[in-house]
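Chain order of the listed sequences is A and B. Taken in order, the first sequence gives residues 1 to 117; the numbers are from the UniProt record's numbering. Taken in order, the second sequence gives residues 1 to 117; the numbers are from the UniProt record's numbering. We put the beta carbon where it would ideally sit given N, CA and C, even for glycine.
There are 2 protein chains.
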Amino acid sequence: MTTAVETTLAHFNAWTGGDFEEALRHVSPDVVCDTPNGTLTGPEAYRGFMGPFAASLRSSKLLAAFGDDHQALIMYDAETALVADAPGAELHTVRDGLITSIKIIFDRQPFVEARRS
Amino acid sequence: MTTAVETTLAHFNAWTGGDFEEALRHVSPDVVCDTPNGTLTGPEAYRGFMGPFAASLRSSKLLAAFGDDHQALIMYDAETALVADAPGAELHTVRDGLITSIKIIFDRQPFVEARRS
């Protein structure tokens, strides 16, 4: 049986490695994603939110990953085409090897500023 | 010996409980704090950054706390006087019971918007 952290890292390694479809394989059909822009439900809504970010990724670095039977918490640095310093933190609930909830925290401010200029 | 998570939670419980001076007791004189606004060095710089946020806190809820011998990673919800939904994530390095580095992620956008209006 894979642990929650293993599932989360398989997901993380996939989307940061450029394979968003593989990342989605670890996401439950019932996923609920709590983002700075609001709450999203289902993999397609998740794809619409996270896909463009993943596609714009230039590099990433996992800073820490911890968890227990049903939760995983990670923090990472990310460089995107729009924003050079775009770190994130994600708390996942994992059931039966699938991510059922995601709470993601990142700073929208540099993205707003970059789009404005 | 206290674990990294125990030190981090003692710090978290102090500042979210309104006792910022007690929170500072868990912070190293050499602390380096990586924030969305830049890197801060030393407890006084940390106080200048985190103190006003702590003072404006209306409620908070720890969502997860994990760690190992030298790291602790937490995520929390926070409600402040300025912003109702202000969650944060913090990665701490802990040495000899003191927090020596903090990387904090939160969304500055709602704070910018609240100050503008």
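Can you tell me whether residue i is helix, strand or coil according to DSSP?
i             : result
G38 (chain B) : strand
R25 (chain B) : coil
Per DSSP, what are the beta-bridge partners of residue i in this structure?
i              : result
R95 (chain B)  : B:L98
E32 (chain B)  : Just to set this straight, residue 32 (chain B) is Val in the shown sequence, not Glu. Its beta-bridge partners are B:T41 and B:S101.
A86 (chain B)  : Looking at the DSSP assignment, A86 (chain B) forms no beta bridge with any residue, so it has no partner.
F106 (chain B) : B:G88
L62 (chain B)  : B:Y76
Note the first and the last residue of the continuous alpha helix (DSSP H) segment covering residue i.
i                     : result
residue 169 (chain B) : Since the first residue shown for chain B is 1 and the last is 117, residue 169 (chain B) is missing from the structure and cannot be characterised.
M50 (chain B)         : P43 to A55
Can you confirm whether residue i, when its beta carbon is compared against all beta carbons of chain A, has any partner nearer than 9 angstroms?
i                     : result
V112 (chain B)        : yes
F12 (chain B)         : no
I102 (chain B)        : no
M50 (chain B)         : no
L62 (chain B)         : no
I105 (chain B)        : yes
A89 (chain B)         : yes
L40 (chain B)         : no
I99 (chain B)         : no
residue 140 (chain B) : Only positions 1 to 117 of chain B appear in this structure, which leaves residue 140 (chain B) out of reach.
A57 (chain B)         : The amino acid at residue 57 (chain B) is misidentified as Ala; the sequence shows Leu. So, not an interface residue.
L73 (chain B)         : yes
P29 (chain B)         : no
R47 (chain B)         : no
Which two residues bound the contiguous beta strand (DSSP E) that contains residue i?
i              : result
R116 (chain B) : From DSSP, R116 (chain B) is part of no beta strand (DSSP E) but of the alpha helix (DSSP H) over Q109 to R116.
L73 (chain B)  : Q71 to T80
Does the beta carbon of residue i come closer than 9 angstroms to any beta carbon on chain B?
i              : result
D68 (chain A)  : yes
S9 (chain A)   : Note that residue 9 (chain A) corresponds to Leu in the displayed sequence, not to Ser. No, because no Cβ of chain B sits closer than 9 angstroms to the Cβ of L9 (chain A).
G1 (chain A)   : The identity of residue 1 (chain A) in the sequence shown is Met, whereas the question assumes Gly. Cβ-Cβ to chain B under 9 angstroms: no for M1 (chain A).
R115 (chain A) : no
R25 (chain A)  : no
R95 (chain A)  : no
Taking 8 angstroms as the threshold, find out whether the region 67-86 of chain A comes into contact with the region 49-69 of chain B through three or more Cβ pairs. yes
Does the region 44-51 of chain B touch the region 8-27 of chain B, meaning 3 or more C-beta pairs lie closer than 8 angstroms? yes
Cβ pair count under 8 angstroms reaching 3, the region 96-103 of chain B against the region 4-17 of chain B: yes
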